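For the sequence shown, our numbering gives the first residue as 219, with consecutive numbering after it.
This report concerns only the one structure given below.
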Amino acid sequence: MHWKIELIALPVSDVDRAIAFYRDRAGFTLDHDHRVEDGLRFVQFTPPGSACSIAFGEGISTMAPGSLHGIQVVVDDAARARKELLDRGVEASEVDVQPWGSFVYFADPDGNQWALQELPVRTD
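Structure representation (structure tokens):
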């Protein structure tokens, strides 16, 4: 049996500001933006090449906006991913090289924190 993470609920305070950030600055793909009913708006984004998406909106999460920390995305090249973020106006950390990978960190306007990881080259 396979268990696959498909969707992560992201707590945001301003849905339209979050849409602008993830679409225009982070470069994610907008999959859905639907108002289901009063108090329920579902917005879904997928990072480029990812099988897992994020969702936010109205009535989606009871978490405090900005409280989700530690979302990790694997990238082919941490330095190139950092440059893409910087070129789009996203503040991103320097590349942090560790034995288990190279990391770049950034946050959305609410403070939800992301880590990009370039996996180390395997020698086996």
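Where a beta carbon is used, it is the ideal one built from N, C-alpha and C, also for glycine.
From a predicted model like this one, the values you see are computed outputs, not experimental measurements.
Under the three-state reduction of DSSP output, aspartate 326 falls in the coil class, being neither helix nor strand. The count of Cβ pairs closer than 8 Å, one atom from the stretch 253 to 262 and one from the stretch 303 to 310, stays below three, leaving the stretches out of contact. A straight-line Cα-Cα distance of about 32 Å links alanine 282 and aspartate 295.
Taking every protein chain shown into account, the CB of proline 266 has fewer than 16 other CB atoms within 10 angstroms, so this residue is exposed.
The distance from the Cβ of valine 292 to that of glutamine 335 is about 5 Å, consistent with a contact at the 8 Å cut-off. Per DSSP, reduced to three states, the secondary structure at leucine 303 is helical. Between the stretch 318 to 325 and the stretch 230 to 242 there are fewer than three inter-stretch CB-CB distances shorter than 8 Å, so the stretches are not counted as touching.
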